């Protein structure tokens, strides 16, 4: 429930994934919605209350990407 700490941890986790956070959010609406809530809490002038349960649930249920291209272009 700490928006700043969560964002830092989320960014660190995303760097270890085969696709970017934006790509994951583009293909999984619950993650996109949860990120919108987190960003609202981080950048709101009024200091919006944020609870991390929706984001945690979205990350845990994130389906695996089916066709992640190897950056080196190797097919296997």
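In our numbering, the protein residues as written are 29 to 104.
We put the beta carbon where it would ideally sit given N, CA and C, even for glycine.
All figures in this text were calculated on a predicted structure; none of them were measured in a lab.
Give the secondary structure of residue i by DSSP, where H, G and I count as helix, E and B as strand, and everything else as coil.
i: residue 81; result: helix
i: residue 31; result: helix
i: residue 72; result: coil
i: residue 50; result: helix
i: residue 36; result: helix
From residue i to residue j, what does the alpha carbon distance come to, in whole angstroms?
i: residue 67; j: residue 47; result: 20 angstroms
i: residue 77; j: residue 92; result: 30 angstroms
i: residue 38; j: residue 53; result: 12 angstroms
i: residue 79; j: residue 30; result: 8 angstroms
i: residue 43; j: residue 83; result: 17 angstroms
i: residue 61; j: residue 41; result: 18 angstroms
Tell me, to the nearest whole angstrom, how far the beta carbon of residue i is from that of residue j; I am working on the premise that it is less than 8 angstroms.
i: residue 49; j: residue 90; result: Contact flag wrong, Cβ pair sits at about 11 angstroms.
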